[in-house]
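Below: the structure, in structure tokens.
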Amino acid sequence: CILFGIGDGRFTNQTWYPLGFNSDPNWIIFQDLNNDGWEDIAVAVYGADNVKILLNLC
Numbered sequence: 001c002i003l004f005g006i007g008d009g010r011f012t013n014q015t016w017y018p019l020g021f022n023s024d025p026n027w028i029i030f031q032d033l034n035n036d037g038w039e040d041i042a043v044a045v046y047g048a049d050n051v052k053i054l055l056n057l058c
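Okay, so the sequence shown: first residue is 1 according to full-length UniProt numbering, each after it adds one.
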């Protein structure tokens, strides 16, 4: 789950982003992947041979 910052030291309620059936996240990085100035999230899923990308569109 992800908790988004409201900007005043508090966070929103948790938000779930499913990674797929029987997924097991192996590596998580936070990086500005699309050069928009906001950090995005990339998750490597063990045994699935893929990477899930969550773009920060704030």
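Note that the Cβ used here is the ideal one computed from N, Cα and C, for glycine as well.
Where residue i falls: helix, strand or coil (DSSP)
| i | result |
| --- | --- |
| W38 | coil |
| L3 | coil |
| N13 | coil |
| A44 | strand |
Residue i - containing beta strand (DSSP E), residue span
| i | result |
| --- | --- |
| N26 | P25 to Q31 |
| N56 | Unbroken run through N56: none, as it is neither H nor E. |
6 Å Cβ shell around residue i - same chain, five flanking residues per side excluded
| i | result |
| --- | --- |
| W16 | C1 |
Between the CA atoms of residue j and residue i - distance to the nearest angstrom
| i | j | result |
| --- | --- | --- |
| D36 | A42 | 15 Å |
Close-in-space but distant-in-sequence residues of the same chain around residue i (CB under 7 Å, 5 per side omitted)
| i | result |
| --- | --- |
| E39 | F30, Q31, D32 and N56 |
| T12 | L3, F4 and I6 |
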